[in-house]
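**Q**
There are 2 protein chains.
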Amino acid sequence: MFTKVLIAEDMDDINTGVLTVLSKLEIGKIDHAQYCDDADLKAKKARKDKKPYELLITDLSFVKDHREQKLSSGEELIVKLRETQPNLKIIVYSVEDKLQLVRRLVMEHKIDAYVCKGRKSLQELTNAIKKVFNGEQYLSQKVSAALSPKNDMEIDDYDIGLLRLLSKGLSQDEIAKDLKKRSISPNSLSSIEKRLSKLKIYFKANNAIHLIANAKDLGLI
Amino acid sequence: MFTKVLIAEDMDDINTGVLTVLSKLEIGKIDHAQYCDDADLKAKKARKDKKPYELLITDLSFVKDHREQKLSSGEELIVKLRETQPNLKIIVYSVEDKLQLVRRLVMEHKIDAYVCKGRKSLQELTNAIKKVFNGEQYLSQKVSAALSPKNDMEIDDYDIGLLRLLSKGLSQDEIAKDLKKRSISPNSLSSIEKRLSKLKIYFKANNAIHLIANAKDLGLI
DNA sequence: ATATACATTGCGGAAATCCACAAAGACTTG
DNA sequence: CAAGTCTTTGTGGATTTCCGCAATGTATAT
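Protein chains in written order, with the working numbering: chain A, 2 to 222; chain B, 2 to 222.
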């Protein structure tokens, strides 16, 4: 089993929860950090001492408080650590279940496991740790579809962008101009209308207002 | 100290975290439920056995899974329990920090404490439990502004109703018909337009979409 | 009773949206 | 290359929203 593990997670309740479970596994040393910057520093020090962490378990979102931080999200932390420690095993432990996000983490950042926080996530997390230790990959059932190539009607970054702009109060016409200015295509008013219309069907929304309300409820934007 | 407490929280990691801390307080019996319906059932049984819970600690959001649920949120659970057990002490423990939401919970549902999940929330939670046991109220620093009188505005239930209907996808015309059917006045298309226009000014929104997006961000709906 | 203020309603036109259809371009496949 | 498919863009028109102005209604104070 792993001999040195780092946990990055801001919430103290989750931390104690994870800690009590991990202590049942036979892991030598378990450290934890409540800020991404702290996690980065601890990892740096460990490398300097020639005793680098073998596994990182990290959340994605960290609430901001008075302390100014360079790294503000788990994703940034992952990128930073991957630079200097490419063979570090990484498990993401988060409530997020957006396929697009998981896909990016697995494909681009080469994370080893993604566990969705939920009713039985602690058991899942221990499973994931075992799998990763054996060099295998693990994805929660909920997001396992992220890697299946059959992602037909999938909402992509472009769609999210449209929804974001809409929710920021831009008219469809203004969105077209904005996209043209940033040379993002498609950018005609007509195409934007068509995309939104597709999204409305997908989300069973009566109109643009309904669409944004639903997207917000789903945490999509 | 309390002798019988119920925790409603879906995440198992948080549950163990909360549990380990609560076990340090001298609380007789601590039960927990991972579904709102279960919490409701447990409370019902406890009342039937003449040993009702004295305190409920509940989350607000519960992720949906395969199990069909009548009560899908902590707020619904609170309303349900308040009906039959008006003297039950209630602490809400959630990541949400929307002032309007907290205000509603305190004013309408008469909750006794609101603790924001965060880096030091377990300590806060124990403080809150002690305060509530002494008949006092507790609000996390982050949301304490919810009760300051200067924050209240001229947004009334009618306005909230409009925003809700809008976010449900009704057109302004349909809203007018709906209000007429339920004999809520004013209900003319013109009046509805005017109200929404006021709200847009108040919330600095460019259009109805923007308005709903802002209202959702503020936890108003 | 009259004046005043304010809320409600109606109306009209400009702007934005929704929607169906068509033309042009891009890509795949045989 | 040719045919077929899909995406992007364009167009026209019905519907809805947006906004200003006017008319009516209602309550309050003098």
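Backbone N, C-alpha and C define an ideal beta-carbon position, used for all residues, glycine too. Everything numeric in this text was worked out from a predicted model, so none of it was measured.
What is the rounded straight-line gap between the Cα of A/M12 and the Cα of A/K118?
**A** Here residue 12 of chain A corresponds to residue number 11 of the first sequence, with the count starting at 1. Here residue 118 of chain A corresponds to residue number 117 of the first sequence, with the count starting at 1. Each residue's alpha carbon lies about 13 Å from the other.
**Q** State the Cα-Cα distance for the pair B/I92 and A/S186, rounded to the nearest angstrom.
**A** Locating residue 92 of chain B in the second sequence gives position 91, where the first residue counts as 1. Locating residue 186 of chain A in the first sequence gives position 185, where the first residue counts as 1. Approximately 49 Å, taken between the alpha carbons.
**Q** Would you mind telling me which residues of chain B sit closer than 8 Å to A/R120, beta carbon to beta carbon, in chain order?
**A** As a first step, residue 120 of chain A is located in the first sequence; it is residue number 119 there, counting from the start. The answer, in chain order, is D11, M12, D13, Q35, V64, D66.
**Q** Using the three-state DSSP reduction, which class does B/L26 fall into: helix, strand or coil?
**A** Taking the second sequence and counting its residues from 1, one reaches residue 26 of chain B at position 25. Three-state result, B/L26: coil.
**Q** Any beta carbon of chain A sitting closer than 8 Å to that of B/T21?
**A** Walking along the second sequence from the start, residue 21 of chain B turns up at place 20. Closer than 8 Å: yes.
**Q** Am I right that A/I222 and A/A216 are in contact with their C-beta atoms under 8 Å? What's the rounded C-beta distance?
**A** By 1-based counting over the first sequence, the position of residue 222 of chain A is 221. By 1-based counting over the first sequence, the position of residue 216 of chain A is 215. Right, their Cβ atoms sit about 5 Å apart.
**Q** If distances are taken between C-alpha atoms only, which option among A/L42, A/L190, A/E194 comes closest to A/L72?
**A** Counted from its first residue, the first sequence places residue 72 of chain A at position 71. Minimum Cα distance to A/L72 is reached at A/L42.
**Q** Is it the case that the region 51–60 of chain B contacts the region 41–56 of chain A, given that we only count it when at least three CB pairs across the two stretches are under 8 Å?
**A** Cβ pair count under 8 Å is below three, so no.
**Q** Closer than 8 Å by beta-carbon distance: list the chain A residues that pair up with B/T17, in chain order.
**A** In the second sequence, residue 17 of chain B corresponds to position 16, counting from 1. T17, G18, T21, V22, L123, listed in chain order.
**Q** Is it true that the region 16–23 of chain A meets the region 18–25 of chain B, where meeting means three or more beta-carbon pairs spaced less than 8 Å apart?
**A** Cβ pair count under 8 Å is three or more, so yes.
**Q** Taking Cβ to Cβ, would you say B/D32 is nearer than 8 Å to B/Q70?
**A** In the second sequence, the residue the question calls residue 32 of chain B occupies position 31. In the second sequence, the residue the question calls residue 70 of chain B occupies position 69. In this structure, B/Q70 does not lie closer than 8 Å to B/D32 by Cβ.
**Q** Count the other CB atoms within 10 Å of the CB of B/K151; is the residue buried (16 or more) or exposed (fewer)?
**A** Residue numbering aside, residue 151 of chain B sits at position 150 when the second sequence is read from its first letter. Summary for B/K151: the model assigns pLDDT 45, below 50, so the residue's position carries little reliability; its value from the coordinates is reported in the next sentence. Exposed, by the Cβ-count rule.
**Q** What is the rounded straight-line gap between the Cα of B/T4 and the Cα of B/E76?
**A** Residue mapping note: residue 4 of chain B aligns to position 3 of the second sequence, counting from 1. Residue mapping note: residue 76 of chain B aligns to position 75 of the second sequence, counting from 1. Using only the alpha carbons, I get a separation of about 24 Å.
**Q** Select from the region 195–207 of chain A all residues with a C-beta closer than 8 Å to any C-beta belonging to chain B, and list them in chain order.
**A** Residues passing the 8 Å Cβ filter: A206, N207.
**Q** Is there a Cβ of chain A sitting closer than 8 Å to that of B/A177, yes or no?
**A** Walking along the second sequence from the start, residue 177 of chain B turns up at place 176. It does not: the Cβ of B/A177 has no partner Cβ on chain A nearer than 8 Å.
**Q** Can you find a C-beta in chain A that's less than 8 Å from the C-beta of B/G220?
**A** Looking up residue 220 of chain B in the second sequence gives position 219. No, because no Cβ of chain A sits closer than 8 Å to the Cβ of B/G220.
**Q** Taking the alpha helix (DSSP H) that A/L190 belongs to, which residues open and close that run?
**A** Along the first sequence, read from residue 1 onward, the residue named residue 190 of chain A stands at position 189. From DSSP, the alpha helix (DSSP H) with A/L190 extends over 190–203.
**Q** Take A/I79 and list the residues in its own chain whose beta-carbon comes closer than 8 Å to its own, dropping the five residues that flank it on each side.
**A** In the first sequence, counting from the first residue as 1, residue 79 of chain A sits at position 78. The answer, listed in chain order, is L57, T59, I91, V93, L106, H110, I112.
**Q** Just the Cα atoms here: how many angstroms apart are A/Q124 and A/D158?
**A** Position 123 of the first sequence, counted from the start, is the residue given in the question as residue 124 of chain A. Position 157 of the first sequence, counted from the start, is the residue given in the question as residue 158 of chain A. Rounded to whole angstroms, A/Q124 to A/D158 spans 32 Å at the Cα level.
**Q** What does B/I213 touch in chain A if you count any residue whose Cβ is under 7 Å from its own?
**A** Here residue 213 of chain B is taken as the residue at index 212 of the second sequence, counted from 1. Within 7 Å Cβ-Cβ: I210, I213, A214.
**Q** Given a cut-off of 8 Å on the beta-carbon distance, is the pair B/K169 and A/H67 in contact?
**A** Indexing the second sequence from 1 puts residue 169 of chain B at position 168. Indexing the first sequence from 1 puts residue 67 of chain A at position 66. No; because the gap between Cβ atoms is not below 8 Å, this pair is not in contact.
**Q** Spell out whether any CB of chain A is found under 8 Å from the CB atom of B/K169.
**A** By one-based count along the second sequence, residue 169 of chain B stands at place 168. Yes, B/K169 lies at the interface with chain A (some Cβ there is under 8 Å from its Cβ).
**Q** What runs of the alpha helix (DSSP H), each 4 residues or longer, lie entirely inside the region 92–142 of chain A?
**A** Those alpha helix (DSSP H) runs which fall completely within the region 92–142 of chain A and span 4+ residues are 100–108, 122–134.
**Q** Within this structure, are the beta carbons of A/V144 and A/Y115 separated by less than 8 Å?
**A** Counting from 1 along the first sequence, the entry for residue 144 of chain A is found at position 143. Counting from 1 along the first sequence, the entry for residue 115 of chain A is found at position 114. Going by C-beta atoms, A/V144 is nearer than 8 Å to A/Y115.
**Q** Return the first residue and the last residue of the beta strand (DSSP E) that B/T59 is part of.
**A** Stepping through the second sequence from its first residue, residue 59 of chain B is reached at position 58. Element bounds for B/T59: 56–59.
**Q** State the Cα-Cα distance for the pair B/L219 and B/Y203, rounded to the nearest angstrom.
**A** Along the second sequence, one-based indexing puts residue 219 of chain B at 218. Along the second sequence, one-based indexing puts residue 203 of chain B at 202. For B/L219 and B/Y203, the distance between alpha carbons rounds to 13 Å.
**Q** Within 10 Å of its beta-carbon, does B/A146 have 16 or more other beta-carbons around it, so buried, or fewer, so exposed?
**A** Taking the second sequence and counting its residues from 1, the one referred to as residue 146 of chain B is at position 145. Burial call: exposed.
**Q** Starting from A/A9, trace the beta strand (DSSP E) both ways and give me its first and last residue.
**A** Within the first sequence, the letter at position 8 stands for residue 9 of chain A. Its beta strand (DSSP E) spans residues 5–9.
**Q** Is it buried or exposed, A/Q142, if we count other Cβ atoms within 10 angstroms and call 16 or more buried?
**A** For the purposes of this step, residue 142 of chain A is identified with residue 141 of the first sequence, where counting begins at 1. Its Cβ having fewer than 16 others within 10 Å, A/Q142 is exposed.
**Q** Expressed to the nearest angstrom, what Euclidean distance is found between the alpha-carbon atoms of A/M2 and A/N128?
**A** Numbered from its first residue, the first sequence carries residue 2 of chain A at position 1. Numbered from its first residue, the first sequence carries residue 128 of chain A at position 127. Rounded to the nearest angstrom, the two C-alpha atoms are 12 Å apart.
**Q** Residues of chain B with CB under 7 Å from A/K217, in chain order?
**A** For this step, residue 217 of chain A is matched to residue 216 along the first sequence. Neighbours of A/K217 on chain B, chain order: A214, K217.
**Q** Output the distance between the C-alpha atoms of B/R83 and B/Q138, rounded to the nearest integer angstrom.
**A** For this step, residue 83 of chain B is matched to residue 82 along the second sequence. For this step, residue 138 of chain B is matched to residue 137 along the second sequence. Going by the C-alpha atoms only, they are around 17 Å apart.
**Q** Out of A/D174, A/S172, A/N188, A/Q35, state which residue places its alpha-carbon closest to the alpha-carbon of A/F63.
**A** Mapped onto the first sequence, residue 63 of chain A falls at position 62. Closest by alpha carbon: A/Q35.
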